[in-house]
Each structure stands twice: as C-alpha cells, then as structure tokens.
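Take the sequence shown: its position 264, counting from 1, is numbered 251 in the numbering used here, and each next residue is one higher. First the structure, in the form of structure tokens, and then the observations on it.
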Amino acid sequence: MSKIGSMHIRSLQNIEFNTIIACFLEAFAGYFVQMPTDAAYYRDRWQRAKVDYSLSFGMFDAERLVGFVIHAVDKRNGKLVAYNTGTGVVPEYRGNGIVDALYAHALPLLQKRGIESCTLEVITKNAPALKVYQRIGFKISKQYHCYHGDISKMEKRIDFTCKKADFAHFDWNRTNQASYSWDNHIESIRNGGFELHTVYGENQLESFFVISAEAHYLAQFDVLNGDDDSWERLFLAIREVSQTVKINNVDTLLRDKVTHLNQLGLKNTIDQYEMELVL
C-alpha cells in the first residue's frame, strides 16, 4: 500500500465493480467524447480486454475511490503487455499528482509479474494527459483516426458474395493484427459478441470484416488481396449488415485503408495516440 498525503493506493481486486464504475463515470464527465454510462458495457468490454484487477490500482481518500488506472494484461506480438484501458481522477482531486503516484506504485509490480511494456491510448487534443504520460516515460508509438458515418447510399456496381464465418476456422495469420488497437485485436474480440464475415469476388476470398451489428461497431476490416474493386465489395458487404458504422483506431500509416474510408465520406470524429513505456 502506498500513500500520498492523507490518501493511499491499493489494488482494485477486491473493490466492488459499481464503485469503480461510479468513479470512472465521474472522472470522465465532460470528456472530449461522450462515454457510455451503462455499467454492463464496461463489464463486457473489460472482460474481453482481459482486465486484471489485481494489477489495476486506485487512489483512495479514506474509503472513497478518487482516481484509478485499470490494466488489461495479455500477450501481444510475443510480449506480455499491460494495456491501460482507463485512467482518471475525479475533478476535485486533480492537480495532486495522482496519476504519477499510481504509476510509481504500479510499474514495479507490473515488472515483477513479467510484463515487458505498458501501452495506452490518449486523445491527441488532450494536452494535459499527454504531458503527464510523457513525464512518466511513455512515448508515442502510433496515431489513430476514429470514424463514424452512414454508408447506406453506396451504389452497387459490382457483384460479391458475403458469408458469415467461424472465428476458429479463419486463417488469422493472413491478417495484420499488429495494426489493430488493443480493443480491436483478435484476442479481445474473438469471444465478445462480434460476427466475422468473409467477402468473395469471383469466388475468391478477398476481404473480411468483424462487426457488432447491434452497436454498428466495426472492429476489424481489411482487404487480403485485390484492388479498388475489392475495397468497394468489402464496404458493400458491410452495408448489408449495418448501414451506419462506427470505427475506432485506424492506424494512420495504413494509407490505403484511410484513403478508402475518406472516399466513403465518413466523418473523422477524433484522433488518438497510442503510447508505450518499455519496462
């Protein structure tokens, strides 16, 4: 247990989920984007992400949770990684170095558990948070675009076949999983209520997408081989499942993907940095 002034840090392992969510929502009130308020959404999302509450930590003033860092832990690209799926401090406690203190407490414990790096995402316009993370030692490793929009008006000019597929029988080695952010990676979405669809042109598998049709959320999509027509067939297939889409964290270095998203007329709602701290 660590202390800062009259406050102290302890793990979130034995803290009631509703207590964590109440603090989370208070900390993110008035954020750059409107955050969901349904506790079930976070329970499901954090379970998919593989949150480890024993390696997630809170700052407490007496028994009140006033700040937190929530870590998901998993192997990604051959390394054991702790992904910060949420950091926040309730408004009246800001300016006290709480995030710095949480990381000073957490990093030795993460390292002791064999974790090789920490990652997180931060909105590019969030200058105060960016400054804190850089002070702790995080460095920008990627930049992401986020999108939202209507694709219902696409004109169907070419034929395609779309089939629902089984996650377990798809060759994920053909996909570039390193380009996807933590929540969109196959290890986070394979058991999370998403559907996998494969798209064929002239009877050849040429693209795929993973979507939560209920939420209109497109977690993964890519052309495996082909040209501009392959992208068009892919988006036409997506339209058959959902006429509006929300897409988070498209790596800006994937220029072909970004170009075709822009051509669809989707709105680039916000940008994020991925940051990494090597332990």
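Where is the CB? At the ideal position from N, CA and C, for every residue including glycine. On a predicted model such as this, the values are computed, not experimentally measured, just so you know.
Just to confirm the assignment, what range does the alpha helix (DSSP H) spanning residue i have?
{"i": "N5", "result": "4 to 14"}
{"i": "L251", "result": "242 to 251"}
{"i": "H92", "result": "85 to 99"}
{"i": "D39", "result": "No alpha helix (DSSP H) contains D39, which DSSP labels as neither H nor E."}
{"i": "L117", "result": "114 to 123"}
{"i": "S175", "result": "173 to 176"}
Sort out for me which residues DSSP pairs residue i with in a bridge.
{"i": "G136", "result": "V232"}
{"i": "G75", "result": "F55"}
{"i": "A152", "result": "L183"}
{"i": "N66", "result": "Asn is not the amino acid found at residue 66; the sequence shown has Lys there. Answer is R63."}
{"i": "K143", "result": "Answer is none; K143 lacks a bridge partner."}
{"i": "G45", "result": "R(-3), F55"}
{"i": "I127", "result": "M262"}
Have a look at residue i and residue j and give me their C-alpha separation to the nearest angstrom.
{"i": "Q268", "j": "A49", "result": "The question about residue 268 has no answer, for the chain in this structure spans -12 to 266."}
{"i": "Q230", "j": "K254", "result": "14 Å"}
{"i": "L89", "j": "L52", "result": "13 Å"}
{"i": "G17", "j": "L96", "result": "32 Å"}
{"i": "H(-5)", "j": "R81", "result": "15 Å"}
{"i": "D61", "j": "T72", "result": "12 Å"}
{"i": "L264", "j": "A91", "result": "13 Å"}
{"i": "N235", "j": "L205", "result": "8 Å"}
{"i": "H203", "j": "G(-8)", "result": "46 Å"}
{"i": "V186", "j": "L94", "result": "44 Å"}
{"i": "F125", "j": "D170", "result": "19 Å"}
{"i": "L42", "j": "L(-1)", "result": "8 Å"}
{"i": "M141", "j": "H172", "result": "28 Å"}
{"i": "V87", "j": "Q98", "result": "The question names Val, yet the displayed sequence has Asp at residue 87. Rounded to the nearest angstrom, the two C-alpha atoms are 17 Å apart."}
{"i": "G213", "j": "I138", "result": "21 Å"}
{"i": "D158", "j": "V197", "result": "14 Å"}
{"i": "K143", "j": "I7", "result": "47 Å"}
{"i": "E219", "j": "I127", "result": "33 Å"}
{"i": "Y70", "j": "E79", "result": "26 Å"}
{"i": "T246", "j": "F44", "result": "40 Å"}
{"i": "L211", "j": "G54", "result": "43 Å"}
{"i": "R(-3)", "j": "G136", "result": "42 Å"}
{"i": "R100", "j": "Y40", "result": "14 Å"}
Confirm, please, whether the CB-CB distance from residue j to residue i is below 8 Å.
{"i": "M46", "j": "I85", "result": "yes"}
{"i": "S194", "j": "D209", "result": "yes"}
{"i": "L248", "j": "Y134", "result": "yes"}
{"i": "E182", "j": "K150", "result": "no"}
{"i": "Y260", "j": "T111", "result": "yes"}
{"i": "A116", "j": "V77", "result": "no"}
{"i": "V56", "j": "T106", "result": "no"}
{"i": "I257", "j": "F11", "result": "no"}
{"i": "T102", "j": "L266", "result": "Residue identity check: residue 102 is Ile in the sequence provided, not Thr. Taking 8 Å as the Cβ cut-off, I102 and L266 qualify as a contacting pair."}
{"i": "R32", "j": "N178", "result": "no"}
{"i": "E108", "j": "S168", "result": "yes"}
{"i": "D216", "j": "G188", "result": "yes"}
{"i": "A9", "j": "V38", "result": "no"}
{"i": "V228", "j": "H184", "result": "yes"}
{"i": "N83", "j": "A165", "result": "no"}
{"i": "Y120", "j": "M22", "result": "no"}
{"i": "A27", "j": "N5", "result": "no"}
{"i": "K129", "j": "S104", "result": "no"}
Starting from residue i, trace the beta strand (DSSP E) in both directions and tell me its first and last residue.
{"i": "S(-7)", "result": "Counting along the chain, S(-7) falls outside any beta strand (DSSP E), and DSSP gives it neither H nor E."}
{"i": "V197", "result": "191 to 199"}
{"i": "E263", "result": "254 to 265"}
{"i": "T106", "result": "104 to 110"}
{"i": "M22", "result": "Careful: M22 lies outside any beta strand (DSSP E) and carries neither H nor E."}
{"i": "F208", "result": "204 to 210"}
Taking all protein chains shown into account, decide if residue i is buried (16 or more other Cβ within 10 angstroms of its Cβ) or exposed.
{"i": "Q250", "result": "exposed"}
{"i": "Y29", "result": "buried"}
{"i": "T239", "result": "exposed"}
{"i": "N160", "result": "exposed"}
{"i": "R226", "result": "buried"}
{"i": "I145", "result": "exposed"}
{"i": "F222", "result": "buried"}
{"i": "H156", "result": "exposed"}
{"i": "R242", "result": "exposed"}
{"i": "D153", "result": "exposed"}
{"i": "F147", "result": "buried"}
{"i": "E201", "result": "exposed"}
Does at least one heavy atom of the ligand PLP sit under 7 Å from the Cβ of residue i?
{"i": "F125", "result": "Here there are no bound small molecules, and the ligand PLP is not part of this structure."}
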